[in-house]
Structures are given as C-alpha cells and as structure tokens.
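Q:
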Amino acid sequence: MDIAWPELAAWTGRAAVVGGVLAVDAQACLHLIVSQPLAAGVLTGWVCGDAGLGLMVGGYLQLVWAYGASPGRTPGTDVSSGVVAGVAVACAFSSNAAPGGAHIALGLLAALAVGWAGAPTERRRRTANEALAEWALRRLREGDFGALGRAHAASAALTALRGALAAGVGCFLWLAVGAVVYNRLAVMDFRAALVLIPCLGLASFFLGIVRTDRKGLAFFAAGVAVALLAGFRIPFP
Amino acid sequence: MERAKRRAFRLRAPVGIFLKSLLLQCMWNNKTLQGPGFAWAVASLRRRGAAELAARHMGFFNSTPAMAPCLAAAVARMEEQDAEPFEVARFKESAAGPLAAAGDQLFWATLRPLAGLAGLVGSAFGPLPAALLSAAAYNVPQGLFRVLGTTWGYEDEAAGVGRCIGAARRATIAGKAFASVLLGLLAGALLMGFGDLYGSGGELVFLCAATGMGWLLLSPRVSPERVCVALLALSGGLSMVF
Numbered sequence: 600m601d602i603a604w605p606e607l608a609a610w611t612g613r614a615a616v617v618g619g620v621l622a623v624d625a626q627a628c629l630h631l632i633v634s635q636p637l638a639a640g641v642l643t644g645w646v647c648g649d650a651g652l653g654l655m656v657g658g659y660l661q662l663v664w665a666y667g668a669s670p671g672r673t674p675g676t677d678v679s680s681g682v683v684a685g686v687a688v689a690c691a692f693s694s695n696a697a698p699g700g701a702h703i704a705l706g707l708l709a710a711l712a713v714g715w716a717g718a719p720t721e722r723r724r725r726t727a728n729e730a731l732a733e734w735a736l737r738r739l740r741e742g743d744f745g746a747l748g749r750a751h752a753a754s755a756a757l758t759a760l761r762g763a764l765a766a767g768v769g770c771f772l773w774l775a776v777g778a779v780v781y782n783r784l785a786v787m788d789f790r791a792a793l794v795l796i797p798c799l800g801l802a803s804f805f806l807g808i809v810r811t812d813r814k815g816l817a818f819f820a821a822g823v824a825v826a827l828l829a830g831f832r833i834p835f836p
Numbered sequence: 004m005e006r007a008k009r010r011a012f013r014l015r016a017p018v019g020i021f022l023k024s025l026l027l028q029c030m031w032n033n034k035t036l037q038g039p040g041f042a043w044a045v046a047s048l049r050r051r052g053a054a055e056l057a058a059r060h061m062g063f064f065n066s067t068p069a070m071a072p073c074l075a076a077a078v079a080r081m082e083e084q085d086a087e088p089f090e091v092a093r094f095k096e097s098a099a100g101p102l103a104a105a106g107d108q109l110f111w112a113t114l115r116p117l118a119g120l121a122g123l124v125g126s127a128f129g130p131l132p133a134a135l136l137s138a139a140a141y142n143v144p145q146g147l148f149r150v151l152g153t154t155w156g157y158e159d160e161a162a163g164v165g166r167c168i169g170a171a172r173r174a175t176i177a178g179k180a181f182a183s184v185l186l187g188l189l190a191g192a193l194l195m196g197f198g199d200l201y202g203s204g205g206e207l208v209f210l211c212a213a214t215g216m217g218w219l220l221l222s223p224r225v226s227p228e229r230v231c232v233a234l235l236a237l238s239g240g241l242s243m244v245f
C-alpha cells in the first residue's frame, strides 16, 4: 500500500505534536493520566480523525499495559509514545481496513515496538536532568534562585522534545514498514487475537487487584452479577 | 490590617507550594530523584534567602508526586518558623518514606488501574465518556490529595503529614473495592460478549481463555506484551494455514 510523502509527513507531524504533549503529562508535570493508553488513544484518535479507532487501539493497549511504569521507576516502556505512534499508524491504514483487523494489529505492533524502543531515550533524558540539576545547584550557591525555574523550564522542554521525537520517528518508521507489509497483513485474520487480548488484560488486572484479597473477590463477584443482570456489553471490534 | 496581611500570606502559601509542586517530577534524575522539584516548591515563597534555602533542599528526595505537596508545605512551614536545618532534614527523611509507601499503594497500585478499568467500562458509551471517566477516576482523588495535603501540611506540619497518610490508606481500601467491582463489570461484559460471538459454548471459551492467560502471567518471564505479540503472530499465521 502506497503512502504519499505529504500524507506521511502529516501523520508524523500529528504523532509528534500529541507525543510531545503527552510526554510532558507522563513525566514532567500535572500527571493527569491522559498519557495512559486509553485516554491517550482517544486523544490521538481524535487528532487523527477517528476517535473510535483511537479508543479501540487505546483500549487494547490499556489491557496490555494495565500496570505500566510509574513516573519515578526505571522506565521499561515508553507508554505515551507507543500509544500515539500505534493509534496514528492504525488510523493511517484504516482507510484500507481489512475484515481481519490488519490495521488494528499493525497499530498494536507499532505501539509495542515504539514503547519498547522509547524507554532508553527516557533514561537518557533523566541523565540530562542530572547535568541540569548540577548546574542549578551551582547557580543557587551563587544566589541565583531564578536558575532553578529556568532549569525546570528547560527540562520540561526537553521532555516534550523527547516525546515528540519518539512518537514522530516511531510513527514514521512504522508507516514505512506498513506501506511494505500491509497488503500481506490484510489477507490475514487477527480477530482471534483481538478477542483474546481482553482476556489477557482481565487476567492481568485480576492478578494485580483481586488475587489475594477475599473482600476483593466478593466485590468482583458483585460486579459480574450486576453486569449479567443488567445485560451490560462492551462491543468487540 | 496586620491580621489580614498575615492571613493573606497564609492563604497564598499553600497555593504557591501547590502550583510549584505540580512540576515536582519535572527534573527527576538518577542522582537526587525529585530533589530539584522539592527544593523549588519549598523555597517558592521566600523572598530573601530563597536560593540558600533551595540549595539546602536540592538533595535526595523521592515520594509519590500527589502526596509530596503535603511534605513540601510542612517543610516550608518549618523553614518559615526558622527551625534548625538538621531538624528539618530529619523530619523530611523520616516522613518521606511512609508518605511514599501510602501514596504508591493508593495512586500507582489502586487509582491508576482503577482509571484504566473505568475507561474500559466507559468504552461501552463511546470514546469521550471513556476518556472522561478514566481521567476523572484518577484526577478527582489526585486533586483532593494535592489541595488538602498542601493545606494539612502547612497548617499542622507533622500531624498534617500523618493525616494525609491515614487518608491515603483509607482511600486505598475504598479504591480497591471499587476497582474490583469495575473489574467484575468488565468480566461480566466480556463473558456475555463471548456468548454473543460463539453461541452456547462461548462462556466456557472465555473462562478457559482468561484462566489460561492468568496461569501464563504467573510466570515472571512472561509479560503481557510478549503474550500480545504471540497472539497476533499466531492468529495471523494460523489464518494463512487454515
């Protein structure tokens, strides 16, 4: 499947802008949780023109990354950049959507790969923050309190730049990969996986929340009963 | 007039610390962790000696971002009252650990998965409700803890920090219960979804699949990402064969 250069640039640009904003939420300030997969997926999907697809891809990633890294821990996954790149890729190929869900599968693979590849860049950013902190401390000892504010601003800018680069470059590379392989993926059927991934997420959440807590089991059972009695359904793709 | 000026300063104090503490995580680094962010929040209201005060607090500090404003406000208050630096340092070191323990249990282990589950359950109603529910489930408690914690820490110092820790523990119990209910809702919805897809044997397929996934995830070498990639590869590959 061919993607024209202007289109490629547009998708990459969107991913970069959203990736930069969400990286700031994930690592620098506010922590409004919009950088978590589901909310980030909806936001990215809305920017890319398909909030519903963004919700779907973001929802799958929320199930896989149920317990993604906290801001202070050593990052194993760059969740926000991964989600942005994955949703952008899925939206780019959704115009040629195949019945087997190839565009969703490609988006998920892109998200997982960019999330894995983005983690070292986050570690490098933290190393750069060490140098900033040392500079700020030297300036503070000279009596310049404003240096600390300037260091914070520089760090926030660096965070946004890193997030934009990670999401933008990841999106670009996976659009290029997708242009080569999408026609082959389109004949495959990924629906079995797309139906089983929610079971994976459910198990992951269950092990994290309910496993060792008897009261948690009772509340879980109550939730199941309410869902069955009310006929509550979540649509599968 | 004098009392009004003093009250205005005290009202301003928590707001200034609250706002600066929103960037606590900004300069996180491997050596001093949240030290620079904490120093900036604590020294934000000082007009004279702010640089010296901030330099003193640039050392190692780490806590849950939403709980740290409470400690920052308490430390700022102690500094305002000209407490001895070693007393302030000792208080800061002794309070940071329990605050972080309670905060991590609440925000990372309870509220973040709860927000994810709220969004997943809300996806039945569309993208915007899902995103809003997810954001609200995390940000309403976060906002409350940031605002109340800053006030408690500034007004009551050590007792305020203790109050914040107690509130976090109670909120964790309530949050885990609510998360379990949402998880049950999700499980029930998936159970019926499988029934719709596969007919009368669908529920059994779901139970076997969910149990199998849970068993797989018990192994430390197996991560959800690897299982997801394996499922996609198997699904696509087998569809070419059969």
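So the protein sequences, as listed, match chains W and P.
Here this note's numbering = 1-based position in the first sequence + 599.
Here this note's numbering = 1-based position in the second sequence + 3.
Here a beta-carbon is modelled for each residue, glycine too, at the ideal position from N, C-alpha and C.
What first and last residue would you give for the alpha helix (DSSP H) that runs through Glu160(P)?
A: In the second sequence, counting from the first residue as 1, residue 160(P) sits at position 157. Premise fails: Glu160(P) is in no alpha helix (DSSP H) and is neither H nor E.
Q: Counting along the chain, where does the alpha helix (DSSP H) carrying Leu48(P) start and finish?
A: The residue labelled residue 48(P) in the question sits at position 45 within the second sequence. Leu48(P) -> no alpha helix (DSSP H), and no H or E assigned at all.
Q: Measuring CB to CB, does Gly767(W) end up less than 8 Å from Gly714(W)?
A: Stepping through the first sequence from its first residue, residue 767(W) is reached at position 168. Stepping through the first sequence from its first residue, residue 714(W) is reached at position 115. Going by C-beta atoms, Gly767(W) is not nearer than 8 Å to Gly714(W).
Q: Residues of chain P with a CB under 7 Å from the CB of Phe789(W): which are they?
A: Counting from 1 along the first sequence, the entry for residue 789(W) is found at position 190. Simply Leu235, Ser238 and Gly239.
Q: Under 6 Å Cβ to Cβ from Ser803(W), same chain only, skipping five residues before and after it: list those, please.
A: Start at 1 with the first residue of the first sequence, and residue 803(W) comes out as number 204. If we look at Ser803(W) and ignore the five residues flanking it on each side, its Cβ neighbours are Ala665.
Q: Residues in its own chain within less than 8 Å of Ala668(W) by CB, not counting five upstream and five downstream?
A: Looking up residue 668(W) in the first sequence gives position 69. Note that Ala668(W) scores 49 on pLDDT, short of 50, meaning its location in the model is unreliable; the coordinates nonetheless yield the value given after this. Closer than 8 Å at the Cβ level, and outside the excluded window around Ala668(W), lie Pro674, Gly675, Thr676 and Val678.
Q: Quick check on this structure: which residue in Val620(W), Gly612(W), Arg832(W) and Val825(W) has the alpha carbon closest to the alpha carbon of Asp199(P)?
A: One-based indexing of the second sequence puts residue 199(P) at position 196. Per the Cα distances, Arg832(W).
Q: Would you please verify whether the beta carbon of Pro698(W) is less than 8 Å from any beta carbon of chain P?
A: Position 99 of the first sequence, counting from 1, holds the residue named residue 698(W). Not an interface residue.
Q: How far does the alpha helix (DSSP H) with Gly220(P) in it reach, from first residue to last?
A: The residue labelled residue 220(P) in the question sits at position 217 within the second sequence. According to the sequence as given, residue 220(P) is Leu; it is not Gly. Where Leu220(P) is concerned, the enclosing alpha helix (DSSP H) stretches over Gly205 to Leu220.
Q: Select from the region 609-621 of chain W all residues with a C-beta closer than 9 Å to any C-beta belonging to chain P, and list them in chain order.
A: Hits within the stretch: zero.
Q: Can you look up Phe64(P) in the DSSP assignment and give me helix, strand or coil?
A: Taking the second sequence and counting its residues from 1, one reaches residue 64(P) at position 61. Strand, per DSSP.
Q: Are there 16 or more other CB atoms within 10 angstroms of the CB of Ala788(W), so buried, or fewer, so exposed?
A: Residue numbering aside, residue 788(W) sits at position 189 when the first sequence is read from its first letter. It is Asp, not Ala, that sits at residue 788(W) in the sequence shown. So Asp788(W) ends up on the buried side.
Q: If we ignore side chains and look at the alpha-carbon of each, how far apart do Leu114(P) and Tyr201(P) end up?
A: Mapped onto the second sequence, residue 114(P) falls at position 111. Mapped onto the second sequence, residue 201(P) falls at position 198. For Leu114(P) and Tyr201(P), the distance between alpha carbons rounds to 34 Å.
Q: Just checking my contact of Leu188(P) with Val124(P) at CB under 8 Å: how many whole Å lie between their CB atoms?
A: In the second sequence, residue 188(P) corresponds to position 185, counting from 1. In the second sequence, residue 124(P) corresponds to position 121, counting from 1. Their Cβ separation, rounded to whole angstroms, is 5 Å, which keeps Leu188(P) and Val124(P) in contact under 8 Å.
Q: So Gly800(W) and Gly191(P) are in contact, right, with Cβ under 8 Å, and what is the actual spacing, rounded?
A: Position 201 of the first sequence holds residue 800(W). Position 188 of the second sequence holds residue 191(P). At roughly 15 Å, the Cβ-Cβ gap does not stay under 8 Å, so Gly800(W) and Gly191(P) are not in contact.
Q: Do we get a CB-CB distance below 8 Å when we pair Cys628(W) with the residues of chain P?
A: Within the first sequence, residue 628(W) is the residue found at index 29, counting from 1. Interface residue, yes.
Q: Which of helix, strand or coil does DSSP assign to Asn33(P)?
A: Numbered from 1 along the second sequence, position 30 holds the residue referred to as residue 33(P). Asn33(P) falls in the coil class under three-state DSSP.
Q: I need the DSSP call for Val225(P), collapsed to helix, strand or coil.
A: By one-based count along the second sequence, residue 225(P) stands at place 222. If DSSP states are grouped into helix, strand and coil, Val225(P) belongs with coil.
Q: Measuring only the C-alpha atoms, how far is Ala709(W) from Leu241(P)?
A: Taking the first residue of the first sequence as position 1, residue 709(W) is located at position 110. Taking the first residue of the second sequence as position 1, residue 241(P) is located at position 238. Using only the alpha carbons, I get a separation of about 21 Å.
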